[in-house]
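Asks: Counted the way the UniProt record's numbering counts, the sequence shown spans residues 1 to 214. In this text, a Cβ means the ideal position worked out from N, Cα and C, and glycines have one as well. All values reported here derive from a predicted model rather than from experimental measurement.
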Amino acid sequence: MILDRKQISSFWEQLQDTIEQLLSSRSDDRFEAEPLLKKYREELQKIDRNLTFHFQSDDEKQDSIEMVFGCDGFPESIHSVLSLIGAAPELSGIEFKAFNNRYDPVPLSVNIGEEFSEIHDFWVRLVVVEKKLHLEVYLEDAPKVLDMDPRVEAVMIYLDALIGEYEIMTRIWALEWFDLPVSPEDYGLIRLVDLREYFDKIKEDVKPIGLTLH
Numbered sequence: 001m002i003l004d005r006k007q008i009s010s011f012w013e014q015l016q017d018t019i020e021q022l023l024s025s026r027s028d029d030r031f032e033a034e035p036l037l038k039k040y041r042e043e044l045q046k047i048d049r050n051l052t053f054h055f056q057s058d059d060e061k062q063d064s065i066e067m068v069f070g071c072d073g074f075p076e077s078i079h080s081v082l083s084l085i086g087a088a089p090e091l092s093g094i095e096f097k098a099f100n101n102r103y104d105p106v107p108l109s110v111n112i113g114e115e116f117s118e119i120h121d122f123w124v125r126l127v128v129v130e131k132k133l134h135l136e137v138y139l140e141d142a143p144k145v146l147d148m149d150p151r152v153e154a155v156m157i158y159l160d161a162l163i164g165e166y167e168i169m170t171r172i173w174a175l176e177w178f179d180l181p182v183s184p185e186d187y188g189l190i191r192l193v194d195l196r197e198y199f200d201k202i203k204e205d206v207k208p209i210g211l212t213l214h
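#1: Measure from the alpha carbon of P107 to the alpha carbon of each residue in L159, W123, P89, D141, then state which is nearest.
#2: Can you tell me which residues form a DSSP beta bridge with N111?
#3: Return the first residue and the last residue of the alpha helix (DSSP H) that K203 is part of.
#4: With contact counted as at least three CB pairs below 8 Å, one residue from each stretch, are the region 143-160 and the region 109-120 in contact?
#5: Under the DSSP definition of a beta bridge, which residues are partnered with R191?
#6: Which residues does DSSP list as the beta-bridge partners of A98?
#7: Considering only the beta carbon of each residue, do V124 and I65 sit closer than 8 Å?
#8: Check each candidate in A161, S92, L15 and name the one with the smallest Cα separation from Y103.
#9: How is D179 classed by DSSP in three states: helix, strand or coil?
#10: Helix, strand or coil for K144, going by three-state DSSP, please let me know.
#11: Should F122 and V145 be called a contact, given that it needs their Cβ atoms to be closer than 8 Å?
#12: Would you kindly work out how many angstroms separate the C-alpha atoms of G70 and Q56, rounded to a whole number?
#13: I need the straight-line Cα distance from T212 to S25, nearest angstrom please.
#14: How many angstroms separate the CA atom of G93 from the CA atom of L37?
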């Protein structure tokens, strides 16, 4: 993908011109300047339609907020995120970051809509096939339509927390969903909460995907 540098510069110029208005609308981690946020999203879509952003607090800096950019899980847009962050200005009160990092501590429960999920509800298996890493997720009554089940979103939040958004995109070749067997241990499954330890042991042995350097 060939990026338009003028569009990237235009996005950052617009943000610099409006950052005080944005920060002044902050209430905890929420911003009330929705028209402004909508404009940011529109400008990002011009750069790459997969670009996303969200805000979170910097735990080490009580007065600072982080604006985290991602690409909605599309590996082909990793370069767009890195290029955008590479051109980011330094501004007081806000820090710009690429991708969701691992969380410590990992959340043990997630509430999506009216669906409450605990990390211990899910089991996984890592399989390496021809140096490509496949992740299998096991849960009761596995969904036939992934977009319709809030547990799927919960698992993706846990995966971001456990292994990080960037490594999900560049190390996991395939993600599949299966019904949970009666005795998971008998099938060689591990609990989702233990995934980080197993992933870190084998991640260097698998072929990275979605990133080509020239």
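Replies: So, from the listed chains and residues:
#1: L159
#2: F116
#3: No alpha helix (DSSP H) contains K203, which DSSP labels as neither H nor E.
#4: yes
#5: W123
#6: F69
#7: no
#8: A161
#9: strand
#10: coil
#11: no
#12: 13 Å
#13: Summary for T212: the model assigns pLDDT 41, below 50, so the residue's position carries little reliability; its value from the coordinates is reported in the next sentence. Going from the Cα of T212 to the Cα of S25 covers about 40 Å.
#14: 17 Å
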